[in-house]
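Peer 1: For the sequence shown, the numbering used here assigns the number 246 to the initial residue and increments by one for each residue that follows.
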Amino acid sequence: EKGSLMTQLNAAKDRAERLRQQQEGKDQELARERRRRAEAEASAARLQRLVEDHEEVIWENNRLRQQLAIAKAAPKAKARPSRDDVVAELAKLECRPLQDLGAADRAALKKKLLLKWHPDKQPSATHATLATQVMQELQRQN
Numbered sequence: 246e247k248g249s250l251m252t253q254l255n256a257a258k259d260r261a262e263r264l265r266q267q268q269e270g271k272d273q274e275l276a277r278e279r280r281r282r283a284e285a286e287a288s289a290a291r292l293q294r295l296v297e298d299h300e301e302v303i304w305e306n307n308r309l310r311q312q313l314a315i316a317k318a319a320p321k322a323k324a325r326p327s328r329d330d331v332v333a334e335l336a337k338l339e340c341r342p343l344q345d346l347g348a349a350d351r352a353a354l355k356k357k358l359l360l361k362w363h364p365d366k367q368p369s370a371t372h373a374t375l376a377t378q379v380m381q382e383l384q385r386q387n
């Protein structure tokens, strides 16, 4: 009976050793799987950031395309206006209030404008030349 018990004991020890080895193998496999999962999660997070960055780039690209379309549709910026253009615009702006006035008020405002733009009332020769041109334009428009 002692031999039988020793055989059973040795068999139990062998089985325990196999189970321990299986447990170690399973533990190692579990550790590998956990590392793979951590790497996969890190990769997924990296990809998510890339997707977000890509979406931001797409949004910015669309915004810039819209700005470009608006810029293309906008009238071209004119070069510096000529002196004649400035004079005509000044006269037009000065004459605008005259349109809404009656005859008496209109004559009084016209007299004020002519005094304001009289060449002799200007501080320099350059201003006097401009004032002369504006007066001529004012008289042409009225």
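The beta-carbon is built from N, C-alpha and C at its ideal position, and this holds for glycine as well.
Mind reading off the beta-carbon distance from LYS355 to LEU343? Whole number of angstroms is fine, and I expect it under 8 Å.
Peer 2: Indeed they touch by this definition, with Cβ atoms about 6 Å apart.
Peer 1: Just reading off the alpha helix (DSSP H) that GLY270 is part of, what are its end residues?
Peer 2: Per DSSP, GLY270 belongs to the alpha helix (DSSP H) from 247-318.
Peer 1: Could you give the residue range of the alpha helix (DSSP H) that holds ALA349?
Peer 2: Note, ALA349: alpha helix (DSSP H), 348-361.
Peer 1: Under 7 Å Cβ to Cβ from LEU389, same chain only, skipping five residues before and after it: list those, please.
Peer 2: Here the chain comprises residues numbered 246 to 387, so residue 389 is not present and cannot be evaluated.
Peer 1: Throw me the rounded Cβ distance for the ALA336 and LEU383 pair, which I believe falls under 8 Å.
Peer 2: Between LEU383 and ALA336 the Cβ distance is about 5 Å, and since that is below 8 Å, they are a contact.
Peer 1: Under 8 Å, do TRP362 and ALA376 count as touching if we go by C-beta distance?
Peer 2: Contact flag set, yes.
Peer 1: Quick one, are the C-beta atoms of VAL332 and GLN386 less than 8 Å apart?
Peer 2: The answer is no: Cβ separation not under 8 Å.
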